[in-house]
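Just add 39 to wherever you are in the sequence shown, counting from 1, and you've got our numbering.
In what follows, a structure is listed as structure tokens, so that the remarks can point back to it.
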Amino acid sequence: LSIFGGVTRGLCTVENGSLSMVVETENLQKTENEVTSDRKINLDGSEWVSMNMWGFTPVLFDYLNEMIIEFLEKDGHEMKSEFLIPSVINNLIQSGREPVHVLRSSSSWFGVTYKEDKPYVMGEILKLVDRGIYPQKLF
């Protein structure tokens, strides 16, 4: 989580290696003792979250086409409305249309939500390069 403000992440429920639910949660922030959000739920920071690293088959595009039409009809006039991939995935899971398998990683993930996050993330990537986990030339 960013120390510079709230972030949005998909909170995931994983059962037997499969995603059973993902709920897009806004304004996640870490305080001294807890993680808070706009939703009234208790979090401790160990929850599974989506960092939007997905692997899909081409059938997803059929679903996206169908669901974006529904989204635009319902929310397309709202300037700040977003068509969120985790919400699409949750819809497919809840309707029983597609299973989603979860791959576990023991690696730390970090993101750049605010420009102030960039120096920290660059430093962490350099540490991975120095330890030989990432190649010297990334791109």
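All C-beta atoms in this analysis are idealised placements derived from N, C-alpha and C, irrespective of residue type, glycine included.
In this text the structure is predicted, and so the values were computed from the model without any measurement.
Residues that residue i bridges to, as DSSP identifies them
i	result
Glu54	Ser57
Trp148	Looking at the DSSP assignment, Trp148 forms no beta bridge with any residue, so it has no partner.
Gln175	BP columns for Gln175 are empty, so no partner.
Val139	Bridge partners of Val139: none, in fact.
Gly49	Glu63, Ser89
CA-to-CA distance, residue j to residue i, given in whole angstroms
i	j	result
Ser120	Asn129	17 Å
Tyr159	Phe110	36 Å
Ser144	Asn91	14 Å
Val53	Ile132	12 Å
Lys157	Val151	6 Å
Val88	Thr75	14 Å
Pro97	Ser59	21 Å
Glu65	Met118	17 Å
Ser146	Gly45	22 Å
Lys79	Ser134	25 Å
Ile164	Ser85	22 Å
Gly94	Asp169	29 Å
Gly56	Leu123	23 Å
Trp148	Leu142	14 Å
Gln175	Pro138	37 Å
Cutoff 6 Å; reference residue i; Cβ partners in own chain excluding five residues on either side
i	result
Val62	Leu50
Tyr173	Leu167
Residue i and residue j closer than 8 Å at C-beta
i	j	result
Asp83	Glu73	yes
Lys69	Leu99	no
Neighbourhood of residue i by C-beta, 7 Å cutoff - its chain only, sequence neighbours within 5 removed
i	result
Val127	Tyr102, Leu103, Met106
Arg48	Thr64, Leu67, Val88, Ser89
Residues near residue i in its chain [Cβ-Cβ closer than 8 Å; skip 5 each side]
i	result
Phe43	Thr152, Tyr153, Glu155, Asp156
Gly115	none
What are the complete beta strand (DSSP E) segments, minimum 3 residues, inside the segment 64 to 114? 87 to 89
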